[in-house]
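When you line the sequence shown up against mature numbering (1 follows the signal peptide of the UniProt record, and there is no 0), it's residues -26 to -1, 1 to 121, in that order.
We treat Cβ as the ideally placed atom computed from N, Cα and C, and that holds for glycine.
Below is one structure; the comments refer to it alone.
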Amino acid sequence: METPARPLHLLPLLLLLCGECAQVCGCNETGMLERLPRCGKAFADVMRKVDVWKWCNLSEFIVYYESFTNCTELESTLVGCYWPNPLAQSFITGVHRQFFSNCTVDRAHWEDPPDEVLIPLIAVPVVLTVAMAGLVVWRSKRTDQLL
């Protein structure tokens, strides 16, 4: 006896319903916390291939980090949790502390220029503005000489 063929056009509907089931059932936080360390372990394994002194150079490991991010998103979604969520963010922060805690951002320290430069840069536009306003007022009062 043959088994009846299942219509293929119902497959997308079935996948849609299964995907929605996880959202209706809610977030399985325990399942997510069990699954996320797999992503962290995989990321740690590939980061060991990158020299430690290159860990602060994003271009050296961006592909690995993208895979790690995609993994955390997939694992969160599979257990019915939205992404990002506080638990996933906490996990990702822990991975950041593990690998990137020694990376600092060197920012330019801005200082005001010395007074010898700053005073003329302020005074010249102020004096020119007052002079131009005075010239406009003086010229508008002289109605006897038109162009």
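Please go through the same chain and pick out, in chain order, the residues whose beta-carbon is closer than 8 Å to the beta-carbon of residue -1, but skip the five residues on each side of it.
These residues qualify, in order along the chain: 54.
Using a 10 Å radius around the Cβ and a threshold of 16 neighbouring Cβ atoms, would you call residue 92 buried or exposed?
By the neighbour-count rule (16 or more Cβ atoms within 10 Å), residue 92 is not buried but exposed.
Residue 51 versus 16, 10, 73, 83, residue with shortest Cα-Cα distance
Cα-wise, what sits closest to residue 51 is 10.
Apart from the five residues just before and just after residue 73, which ones in its own chain have a Cβ nearer than 7 Å to its Cβ?
Excluding its 5 nearest sequence neighbours in each direction, residue 73 has C-beta neighbours in its own chain below 7 Å: 21, 29, listed in chain order.
Would you give the residue range spanned by the alpha helix (DSSP H) that residue 76 belongs to?
Boundaries cannot be given for residue 76, as no alpha helix (DSSP H) includes it and DSSP labels it neither H nor E.
Would residue 62 be called buried (16 or more neighbouring beta carbons within 10 Å of its own) or exposed?
With 16 or more other CB atoms across the displayed protein chains lying within 10 angstroms of its CB, residue 62 is buried.
Can you round the beta-carbon distance between residue 17 and residue 24 to whole angstroms, since I take them to be within the 8 Å contact cut?
Actually they are not in contact, since the Cβ atoms of residue 17 and residue 24 sit about 11 Å apart, beyond 8 Å.
With 16 as the cutoff for other CB atoms within 10 Å, does residue 49 come out buried or exposed?
With 16 or more other Cβ atoms within 10 Å, it is buried.
Could you tell me the alpha carbon to alpha carbon distance between residue 44 and residue 56, rounded to whole angstroms?
Distance between the alpha carbons of residue 44 and residue 56: 13 Å.
May I have the straight-line CA-CA distance separating residue 33 from residue 70, to the nearest angstrom?
Their Cα atoms are separated by approximately 16 Å.
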